[in-house]
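Engineer: Structure below; questions to follow.
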Amino acid sequence: MNSIPQSVVALTGAGISAESGISTFRAADGLWENHPVVEVATPEGFDCNPPLVYEFYNQRRRQLLSDEIKPNPAHTALAKFEHEFNGSFLLVTQNVDNLHERAGSQNLLHMHGELLKMRCLNSEMVYDLRQDLNLDSECKCCRSPGNLRPHIVWFGEMPFHMNEINTALEACDIFIAIGTSGNVYPASGFYQKARIRKATTVELNLEATDSSFDEHIYGPASKVVPAYFEQLLRPSS
Ligand code: APR
């Protein structure tokens with residue numbers, strides 16, 4: 009696309025945070041390599057062994073809150089684009105880290121939940137969370153222990169914000185997927201939904217995936233994301 013678009017939707021995955029020091033899921037040394045998905049990322053796993061699930065997310069949360077983890081130039085470029093772009097821009101992330109908001113993104117939807125939030129199993133109330141969670145953690149609304157879970161969408165559960173995301177996908181001129189392997193539905197089908205209204209679909213990723221976007225740009229997110237979004241704002245004539 010050579011003209012400035014009116015409406016842009018970007019989807020991010022674990023690849024955008026890899027250069028910030030957070031492991032992706034499906035790499036050889038990725039998170040799912042050492043942690044069976046059914047045990048730590050399903051409602052059944054949580055029912056079966058809540059301490060294991062709490063500890064898996066406690067470790068991820070402690071890492072996220074450590075001084076080493078910071079937004080990288082790809083997160084910053086998306087926030088800058090949102091700030092400077094005159095059209096509509098929605099950023100959807102599958103990531104549960106807070107690096108987009110720390111970089112300054114505002115119109116942001118966490119479709120798979122947030123590591124720094126917990127939810128009451130009774131009331132569905134959502135609370136901020138910076139400490140470890142365990143079976144003794146007391147719920148703020150019920151005032152009883154054992155009622156809290158990580159505010160994370162597990163396999164078999166419905167992602168958040170789907171109505172808003174679908175509306176934006178159906179209206180966008182460009183859909184850009186960044187650092188996601190395209191293995192997990194429904195995010196893996198977003199580019200096809202965006203195409204229904206003839207949006208241009210673009211993949212920015214370290215390496216090829218199985219998805220057939222209109223354009224593929226390969227390289228580390230910290231390099232390709234700033235370059236791509238800069239030319240979107242200021243296309244050379
Ligand atoms: N720059 C760009 N892309 C990268 C980089 C990088 N520096 N490093 C890795 N990648 C790419 C990988 O090549 C891979 O295609 O990021 C992608 C990461 O894929 P996954 O590990 O499968 O992560 P993601 O697609 O976000 O997973 C989706 O699956 O496990 C669930 O809920 C979890 O949100 C997650 C969802």
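Position in the sequence shown counted from 1, then plus 8, gives you the working numbering. We put the CB at the ideal spot given by N, CA and C, even for glycine.
For Ser-245, which residues in the same chain have their Cβ closer than 7 Å to its Cβ, ignoring the five residues on either side in sequence?
Structural biologist: Working through the sequence shown from its first residue, we reach residue 245 at position 237. Residue placement at Ser-245 is poorly supported in this model, since its pLDDT is 49, which falls under 50; the coordinates are not used for a value here.
Engineer: Can you name, in chain order, every residue of its own chain whose Cβ lies under 6 Å from the Cβ of Ser-196, other than the five neighbours on each side?
Structural biologist: In the sequence shown, counting from the first residue as 1, residue 196 sits at position 188. Around Ser-196: Gly-190.
Engineer: Verify the contact flag: Pro-81, CB atom, against every heavy atom of the ligand GDP, threshold strictly below 7 Å.
Structural biologist: Summarising the ligand content, the structure contains the ligand APR and does not contain the ligand GDP.
Engineer: Would Ala-207 and Ile-182 be called neighbours here (beta carbons separated by less than 8 Å)?
Structural biologist: The residue labelled residue 207 in the question sits at position 199 within the sequence shown. The residue labelled residue 182 in the question sits at position 174 within the sequence shown. Cβ distance < 8 Å, so Ala-207 and Ile-182 count as in contact.
Engineer: Between Pro-228 and the ligand APR, is there a pair consisting of the residue's CB and a ligand heavy atom that are separated by less than 7 Å?
Structural biologist: For the purposes of this step, residue 228 is taken as residue 220 along the sequence shown, with counting starting at 1. Pro-228 Cβ: within cutoff of the ligand APR.
Engineer: In whole angstroms, give me the CA-to-CA distance for Thr-175 and Glu-238.
Structural biologist: Taking the sequence shown and counting its residues from 1, the one referred to as residue 175 is at position 167. Taking the sequence shown and counting its residues from 1, the one referred to as residue 238 is at position 230. Near 25 Å, if we compare the C-alpha coordinates of Glu-238 and Thr-175.
Engineer: By the three-class DSSP mapping on this structure, what secondary structure does His-91 have?
Structural biologist: The residue labelled residue 91 in the question sits at position 83 within the sequence shown. Looking at His-91 - three-state DSSP - the assignment turns out to be helix.
Engineer: Quick one, which of Ala-179, Gly-227, Pro-234 has its alpha-carbon nearest Thr-209's?
Structural biologist: Counting from one through the sequence shown, the residue named residue 209 turns up at place 201. The candidate whose alpha carbon is nearest that of Thr-209 is Ala-179.
Engineer: How far does the alpha helix (DSSP H) with Phe-163 in it extend, from its first residue to its last?
Structural biologist: Translated into positions along the sequence shown, residue 163 becomes position 155. From DSSP, Phe-163 is part of no alpha helix (DSSP H); its letter is neither H nor E.
Engineer: Taking Cβ positions, are Ile-186 and Ile-77 nearer each other than 8 Å?
Structural biologist: Reading the sequence shown from its first residue, position 178 is the one you call residue 186. Reading the sequence shown from its first residue, position 69 is the one you call residue 77. Going by C-beta atoms, Ile-186 is not nearer than 8 Å to Ile-77.
Engineer: With Ser-15 and Gly-95 assumed to form a contact (beta carbons below 8 Å), what rounded beta-carbon distance in angstroms separates them?
Structural biologist: Indexing the sequence shown from 1 puts residue 15 at position 7. Indexing the sequence shown from 1 puts residue 95 at position 87. Indeed they touch by this definition, with Cβ atoms about 6 Å apart.
Engineer: In this structure, does DSSP put Phe-97 in helix, strand or coil?
Structural biologist: Mapped onto the sequence shown, residue 97 falls at position 89. Strand at Phe-97.
Engineer: Would you please state the rounded distance, in angstroms, between the beta carbons of Ser-28 and Leu-107? I believe it to be under 8 Å.
Structural biologist: Taking the sequence shown and counting its residues from 1, one reaches residue 28 at position 20. Taking the sequence shown and counting its residues from 1, one reaches residue 107 at position 99. Going by Cβ atoms, the distance from Ser-28 to Leu-107 rounds to 6 Å, so yes, they are a contact pair.
Engineer: Please go through the region 191-240 and give each complete beta strand (DSSP E) segment of 3 or more residues, from N-terminal end onward.
Structural biologist: 208-213, 223-226
Engineer: Distance, Cα to Cα, Leu-241 vs Pro-194?
Structural biologist: Mapped onto the sequence shown, residue 241 falls at position 233. Mapped onto the sequence shown, residue 194 falls at position 186. Looking at the two C-alpha atoms, the distance is approximately 29 Å.
Engineer: Near His-83, which residues of its chain fall below 7 Å by C-beta distance, leaving aside the five closest residues on each side in sequence?
Structural biologist: Counting from one through the sequence shown, the residue named residue 83 turns up at place 75. These residues qualify, in order along the chain: Ile-24, Leu-107, His-108, Ala-111.
Engineer: For the ligand APR, any of its heavy atoms closer than 7 Å to the Cβ of Val-210?
Structural biologist: Residue 210 sits at position 202 when you count from the first residue of the sequence shown. Not so, every heavy atom of the ligand APR lies at least 7 Å from the Cβ.
Engineer: Express the C-alpha separation of Pro-243 and Leu-214 in angstroms, rounding to a whole number.
Structural biologist: Along the sequence shown, read from residue 1 onward, the residue named residue 214 stands at position 206. Along the sequence shown, read from residue 1 onward, the residue named residue 243 stands at position 235. C-alpha separation (whole angstroms): 23 Å.
Engineer: In the DSSP assignment, find the alpha helix (DSSP H) that holds His-108 and state where it starts and stops.
Structural biologist: Taking the sequence shown and counting its residues from 1, one reaches residue 108 at position 100. Counting along the chain, the alpha helix (DSSP H) containing His-108 begins and ends at 107-111.
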